[in-house]
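Numbering (the working numbering), first residue to last: 17 to 366. We put the beta carbon where it would ideally sit given N, CA and C, even for glycine.
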């Protein structure tokens with residue numbers, strides 16, 4: 017969509033939002049308001065740029081008669097390229113999922129118990145990061161390991177404002193490799209293991225319609241570390257989506273109904289990701305960067321404890337504050353990935 021079309025859409029949105037009848041439907045009003053908020057910075061920057069261009073023309077004309085206006089013209093001339101650059105950034109197509117919340121799965125991989133402990137470290141890192149920003153987190157499902165880590169854990173992360181979680185954490189998908197002396201190692205040797213992270217935008221009910229006839233639902237008793245039963249009733253739920261073969265299990269809650277609701281949330285998020293992959297070749301290419309098998313060779317990031325170093329291999333980011341990153345100070349890492357994607361998009365649209 018070009019700038020003229022966006023300006024026209026903005027004017028139409030202004031008219032619609034001024035109509036009291038629109039606000040009778042809260043869902044529609046919220047959708048229109050969100051789009052209006054997305055377009056406001058673009059329109060504001062465009063208007064500021066047009067005003068600056070007009071002011072420059074006027075200042076140059078006045079400078080012919082009064083030299084005092086020459087300084088003003090020079091100041092405006094330096095501001096115009098900055099506004100043009102800002103507008104160029106704003107006009108880059110947004111990821112349509114950027115304002116969505118996410119569901120994240122963290123899975124232990126190679127490395128046995130040490131990998132499960134590292135999966136627990138990653139979970140804590142994301143929970144602390146969310147806490148720093150003011151996001152809300154909810155553990156939907158988990159399979160703890162014997163030493164206190166996680167074989168598999170699923171967490172929902174929700175934003176409170178318009179800035180979605182996906183916009184900052186979509187880059188976390190992939191294999192995360194750790195290098196450290198594990199607590200399970202008696203010889204004190206550095207060990208390498210890996211955990212996988214999968215990130216999905218959380219789907220709203222209206223986005224993914226699931227036919228109950230397409231589901232096979234099995235119930236069973238939930239189990240804890242070592243396989244011991246932690247519940248005397250069949251409260252754990254496994255849902256199989258027959259058309260796609262996607263299987264989701266949940267056992268965190270004591271209620272079968274709550275586990276079913278949690279499993280459906282995860283299922284809808286996975287089905288939305290599949291639908292978007294099929295509809296959008298770019299999304300498919302991006303999803304390939306996420307973990308398929310938790311194989312150390314597919315790593316996106318390395319956490320080196322002896323050197324206190326974190327390295328993101330996709331953008332060449334490196335820092336020596338691993339302890340702080342694991343305590344939730346992820347901003348520098350995520351910003352490096354955001355900046356790299358922005359630079360790539362600018363290159364494509366220049």
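- The three-state secondary structure of residue 331, taken from DSSP, is coil.
- Residue 228 is classed as exposed because its beta carbon has fewer than 16 other beta carbons within 10 Å across all chains shown.
- As computed with DSSP, residue 32 is found in no beta bridge at all.
- Straight across, the Cα-Cα distance linking residue 324 with residue 205 is about 16 Å.
- Put simply, of 118, 213, 220 and 259 the residue whose alpha carbon is nearest the alpha carbon of residue 232 is 259.
- Secondary structure note for residue 347: it is in no beta strand (DSSP E), and the uninterrupted alpha helix (DSSP H) holding it is 347 to 365.
- It is roughly 12 Å from the alpha-carbon of residue 139 to the alpha-carbon of residue 167.
- Contact annotation: residue 125 and residue 68 have beta-carbon atoms that are not nearer than 7 Å.
- When only Cα atoms are considered, residue 256 and residue 213 end up about 21 Å apart.
- Here residue 336 is exposed: its Cβ has fewer than 16 other Cβ atoms, across all protein chains shown, within 10 Å.
- Straight-line spacing of the CA atoms in residue 174 and residue 151 works out to 6 Å.
- In the three-state reduction of the DSSP assignment, residue 341 falls in the helix class.
- In the DSSP assignment, residue 317 is bridged to 192 and 328.
- A Cβ-Cβ separation of about 21 Å leaves residue 315 out of contact with residue 184 under the 8 Å criterion.
- Here residue 361 is near residue 108, since their CB atoms are less than 7 Å apart.
- Here residue 358 is exposed: its Cβ has fewer than 16 other Cβ atoms, across all protein chains shown, within 10 Å.
- Under the Cβ criterion (8 Å, minimum of three pairs), the region 261 to 276 does not count as touching the region 195 to 204.
- Proximity of the region 343 to 352 to the region 142 to 151 meets the contact definition, three or more beta-carbon pairs being nearer than 8 Å.
- The C-alpha of residue 76 is placed about 48 Å away from the C-alpha of residue 346.
- Approximately 6 Å separates the beta-carbon atoms of residue 118 and residue 218; this is inside 8 Å, confirming the contact.
- Rounded to the nearest whole angstrom, the C-alpha separation of residue 45 and residue 31 is 12 Å.
- Per DSSP, the beta-bridge partners of residue 214 are 121.
- Inter-residue distance for residue 157 and residue 130 is about 20 Å (C-alpha atoms, whole angstroms).
- Checking the DSSP bridge columns, you'll see residue 255 partnered with 233 and 264.
- For residue 37, the secondary structure class from DSSP, reduced to helix, strand or coil, is coil.
- In summary, residue 19 is exposed, with fewer than 16 beta-carbon neighbours lying within 10 Å of its beta-carbon over all protein chains present.
- By the criterion of a C-beta distance shorter than 8 Å, residue 106 is surrounded in its chain by 57, 58 and 61, once the five residues flanking it on both sides are discounted.
- Excluding five sequence positions before and after residue 89, the CB atoms of its chain that fall closer than 7 Å to its own CB belong to 72, 75, 76 and 79, given in chain order.
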